[in-house]
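Plus 1 on top of the position in the sequence shown (first one is 1) and you've got the numbering used here. Report on the structure given below.
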Amino acid sequence: MHILSQQLEFPDPSQADHHGLLAIGGDLSTERLLLAYNSGIFPWYNDGDPICWWSPDPRMVFDLQQPSPLKISKSLRQSKRNRGYIVKENTCFEKVMRSCMNVPRAQQQGTWINEELVTAYTALHKIGIAKSIEVFKEGMLVGGLYGVDLNDKGVFCGESMFSIRTDASKIALWHLVERLQGQGYSLIDAQLYNDHLASLGAVEIDREVFLSYL
């Protein structure tokens, strides 16, 4: 296992173990996070543990080069049309991140997001790298997502999303997909497989293929 020092570097992603764990240690400085995301690496760890850095193989993504990368159900179309949701961008980044941290999730005891991560990604947001999509109903934030925007690579690295009203997080993702496709992006990085992402249209690709986009 590679232990990071204060030096700003990561091992090659091919050195990750079969779970995708590449290294531990280091810090969450803006410079290190930028190097990580541009190298296909992201932090994911439990509060109180050392920072763990991951580069899984395969990688879960939404392929924006496909005509319909997001599966849009009839009920989701009805939600967009009938529920009175208003979608905004980057108006309350930290609130979105804290909602992702605090909103209960089915079959999960907690979340990996902690105060250290909130501080680090808010700093990225302040320099225009971390972005949020927000869904409001009657002035109340009811869903959203956030991630790291590698706009020079055409890749948006999705981090987390939340919803407290029917389909609100899916509406945020739909908005993001349409905007990024319109700007010529190639991928939304969804990191690791789960059934929910697969149901929405995310697919797995080899790590080397993912890294080729970066």
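Just so you know, even glycine gets a beta-carbon here, dropped at the ideal spot from N, CA and C. On a predicted model such as this, the values are computed, not experimentally measured, just so you know.
Item: Extent of the continuous beta strand (DSSP E) run through Q225; Value: Residue 225 falls outside the range modelled here, since the chain spans only 2 to 215, and no answer is possible.
Item: CA-to-CA distance, S170 to Y86, given in whole angstroms; Value: 11 angstroms
Item: E209 vs P59 beta-carbon contact at 7 angstroms; Value: no
Item: Residue interval of the beta strand (DSSP E) (run including K132); Value: A131 to K138
Item: Beta-bridge pairing of F43 - partner residues as DSSP gives them; Value: W55
Item: Reference A121; option with closest CA among E135, F163, P14 and P44; Value: P44
Item: Bridge partners - L5, DSSP secondary structure assignment; Value: G26
Item: Per-residue DSSP class, three states only, for R84; Value: coil
Item: With 16 other Cβ atoms within 10 Å as the buried cut-off, status of Q184; Value: exposed
Item: Sheet register partners of S164 (DSSP bridge); Value: G144
Item: Bounding residues of the beta strand (DSSP E) (the contiguous stretch that carries A191); Value: L188 to Q192
Item: Sufficient close CB pairs (3 or more, under 8 angstroms) joining the region 27 to 37 to the region 67 to 81; Value: no
Item: At least 3 beta-carbon pairs within less than 8 angstroms: the region 89 to 96 vs the region 130 to 150; Value: yes
Item: Cβ-based burial, D221 [other Cβ within 10 Å; buried from 16]; Value: Lying before the first or after the last residue shown, residue 221 is absent from the chain, which here runs from 2 to 215.
Item: C-alpha gap between P154 and S200, whole angstroms; Value: For the sequence presented, residue 154 should be read as Lys rather than Pro. About 26 angstroms.
Item: G202 versus Q67: straight-line alpha-carbon distance, rounded; Value: 11 angstroms
Item: Cα-Cα separation, I189 to D64; Value: 7 angstroms
Item: Close-in-space but distant-in-sequence residues of the same chain around S56 (CB under 7 angstroms, 5 per side omitted); Value: P14, A17, G21, L23, G41, I42 and R208
Item: Enclosing alpha helix (DSSP H) for F211 [first to last residue]; Value: R208 to S213
Item: Element boundaries [alpha helix (DSSP H), containing V119]; Value: E116 to K127
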